[in-house]
Structures are given as structure tokens and as C-alpha cells.
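Quick note on numbering: our numbering labels position 144 of the sequence shown as 142, and the sequence is numbered without any gaps.
We put the CB at the ideal spot given by N, CA and C, even for glycine.
Inspection log for the structure reproduced underneath, given as C-alpha cells.
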Amino acid sequence: MNSSSGVSCVTAFAIMRSDQVFALIDCNSFYASCERVFRPDLAKTPIVVLSNNDGCVIARSYDAKPYVKMGEPYFQAKDKLRRHGIMAFSSNYALYGDMSERVMTLIEAMVPATEIYSIDECFADLSGIQENLTQFGRKVRSKIFQCTGIPVGVGIAGTKTSPSWPITRPSACRPRLEVWSTSPIRASEIGFCGTPR
Ligand SMILES: [Mg+2]
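Structure (C-alpha cells):
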């Protein structure tokens, strides 16, 4: 299965029981993923999205990240994009706002409470959810992908302000790491399935 299927390799670590459990659900390369939803022919083509008036790069698909920096001026990157077969899109904020609403609505329907943090990420309160959190994270990810075409990462921790959030969020080198937690949560849910690539 590929990384966009929503159900491929999953890594999760959970160690200690706690009453409060939160997930940070973060859309992967959100603007680029939105563009891909409507251009499925570009599933394997690296994509960047440009700021207003095509000024600079403001989003990159994970396969474009090794070649283009965030904020790089488009006029400077043009030749490089062509050389590496990277497709550039003008930004479409109406589309991104609409896709964000769809993703957030799905999350809200699956968890007791949410706090939208930005256009492409939200905190979800998982306290009281009885099922295995790794499986629940997979279910959230799979549902969002099936309904919207947007791949997301799900990080789980005992607090919203956990210092582990920044290091547990998806990065260019971990596009397939889909559900994870470095914070202790539930002893019974320690899991490792597949190899992050
Ligand atoms: Mg994101």
C-alpha cells in the first residue's frame, strides 16, 4: 500500500495510562494535497503551491521537499522545478478553506471535542475513547482520506502542550509515519507495525 492509502505502515508508541489523551491531527502538505485531490494524475508528481501572484513557494508535497525550500522565490526556483519535473500551482485559498472544513467536520464527528489550531491541523480530545488508540488513529486517518482524499498524520500525547509535538509531526523524511506518539499514554497500546520510511 502506498502512503496515500491512509492504511499503510503505522507506528505508535504508548506507554502509561492517563485520563487525558489528545491527538494532533495534521494534514500532510495541505495545500499541495488539496491540489492533488483534483489532479489524481499527479499522484506521483512532486507539487509546489505558490503565494499570491505566484511570488514564492508556500507549500510542497513531500516528494518536492528535497528540491525546493519553503519561501523560495518562484522566479529563482523555476529552472529547478522544470529540471526535477515539479509542477507549480497558483494558490487557491477558497479550495483550501473548503477542504479544511470538510476535514474538520469529519474529525468533529469522530471525537468528543476538537480545537482547530490552524487551517490544516486540530487537536482532538480522545479522553474516554475506549478502543485501542493506535487503531483509532488509523481509523481517523483512513476516514479522512476516503472522504476527502487528504492524507493526515495523527500524533497522540497526554497534553496539548507536550514538547514532543514538534518532533513527532510528519516531515519530509517520514511521509509514511501516520500514527505516532512519543508520550506515554496507555500501556496496553504499545505498538509497532511496519517500518517508517
Ligand atoms: Mg500540515
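Span of the alpha helix (DSSP H) around residue i
i, result
"Met68", "Here Met68 belongs to no alpha helix (DSSP H), and DSSP marks it neither H nor E."
"Ile105", "Tyr91 to Met108"
"Cys145", "Leu131 to Thr146"
"Phe87", "Here Phe87 belongs to no alpha helix (DSSP H); instead the beta strand (DSSP E) covers Met85 to Ser88."
Reduced DSSP secondary structure (H/G/I, E/B, other) of residue i
i, result
"Phe20", "strand"
"Pro164", "Reliability fails at Pro164, whose pLDDT of 43 lies under 50, so the model's placement of it is uncertain and the value that follows must be treated cautiously. If DSSP states are grouped into helix, strand and coil, Pro164 belongs with the helices."
"Ala75", "helix"
"Pro173", "Low confidence applies here, because Pro173 scores a pLDDT of 39, under 50, leaving its location unreliable; read the following figure in that light. Of the three classes helix, strand and coil, the one that applies to Pro173 here is coil, per DSSP."
Terminal residues of the beta strand (DSSP E) in which residue i lies
i, result
"Arg34", "Where Arg34 is concerned, there is no enclosing beta strand (DSSP E), although the alpha helix (DSSP H) it sits in stretches over Phe28 to Val35."
"Ser49", "Run containing Ser49: none; DSSP gives neither H nor E here."
"Cys54", "Unbroken run through Cys54: none, as it is neither H nor E."
"Ala122", "Glu119 to Asp123"
"Ile114", "Ala111 to Ser116"
"Ala62", "Neither: Ala62 is in no beta strand (DSSP E) and is coded neither H nor E."
"Ala155", "Val150 to Ala155"
Cβ pair residue i, residue j closer than 9 Å
i, j, result
"Val109", "Ile148", "no"
"Ser88", "Phe28", "no"
"Glu33", "Leu79", "no"
"Gly126", "Ile154", "no"
"Val47", "Arg58", "yes"
"Ile45", "Ala75", "no"
"Ala122", "Ala21", "yes"
"Ile23", "Gly151", "yes"
"Val138", "Ile117", "no"
"Cys120", "Glu129", "no"
"Asn26", "Tyr60", "yes"
Closer than 9 Å to chain B by CB, residue i
i, result
"Ile114", "Absent from the structure: chain B. Only one protein chain is present."
* Asked: Which residues have their C-beta within less than 7 Å of a heavy atom of ligand 1, listed in chain order?
  -> Counting every residue whose Cβ lies closer than 7 Å to a heavy atom of ligand 1, we get Asp24, Cys25, Asn26, Ser27, Phe28, Asp118 and Glu119.
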